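Residue numbering for the sequence shown follows our numbering, beginning at 4 and increasing consecutively. Ideal Cβ placement from N, Cα and C applies to all residues, glycine included. Only a predicted model underlies this, so the values are computations on that prediction, with no experimental measurement involved. Presented below is the structure to which this report refers.
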Amino acid sequence: MNRPDTQVPVTVRVFTQRFSATPRAARLARMLALGQLHAWDVPYGSGASDAAALIVAELTANAVVHARVPGRGFELRLLLTGVHTLRIEVMDPRADCRPKQSPAPAAPDAESGRGLTLVGALATRWGVTDGPAPRKTVWAELTLRPGPT
């Protein structure tokens, strides 16, 4: 018998890893994220896996390029909830270096400047959270297809 005040438990799976602020570490973060998603039954090559890989790649590259502080790295956290939401968080040491929620379009011949536009297109939602000082967290959420997780 279900009572109205009975709560349904929600399973949250968490993966957290710290990295040095180097391009090689950003690539490693993407590879480890894909491996963890596969372990959580989000298969390699699926739309969700590919979208997550691109988001992780962009957010970690931004942490390395735009928010680098010598001797301080970044942290990647993945949270998968039982309600089919994947949250990708990248914490870096530069709260003063915030990405724009609505980035200006890149020039057609520009070699950079499209990453957060892609994140916005792929993610259900994304944003920036301050703290703990002097850090910030850039996050994105994806709604995964219903099924085993």
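DSSP bridge partner residues for L81 (one or two, in chain order):
F18, I91
If the criterion is Cβ atoms closer than 8 Å, does the pair R30 and D95 meet it?
Note that the C-beta distance between R30 and D95 is not below 8 Å.
Three-state secondary structure assigned by DSSP to D44
coil
Just to confirm before moving on: does the CB-CB distance between V67 and P26 stay below 8 Å?
yes
Do L121 and L57 come within 8 Å of each other at the CB atom, strictly closer than that value?
yes
From L119, L89, D53, residue whose alpha carbon lies closest to that of R101:
L119
Limits of the alpha helix (DSSP H) - the one that G118 falls within
118–125
Boundaries (first-last residue) of the alpha helix (DSSP H) holding L57:
Counting along the chain, the alpha helix (DSSP H) containing L57 begins and ends at 50–68.
Rounded to whole angstroms, what's the CA-CA distance from P151 to A54? Just pull it up for me.
With a pLDDT of 45 at P151, under the threshold of 50, the modelled position of that residue is not reliable, and the figure given next carries that caveat. Going by the C-alpha atoms only, they are around 18 Å apart.
Buried versus exposed call for V15 [16 or more other C-beta atoms within 10 Å across all chains shown]
exposed
Between V45 and L83, what straight-line distance do the alpha-carbon atoms span, to the nearest angstrom?
10 Å
Exposed or buried, R90, counting other C-beta atoms within 10 Å across all chains shown (16 or more means buried)?
buried
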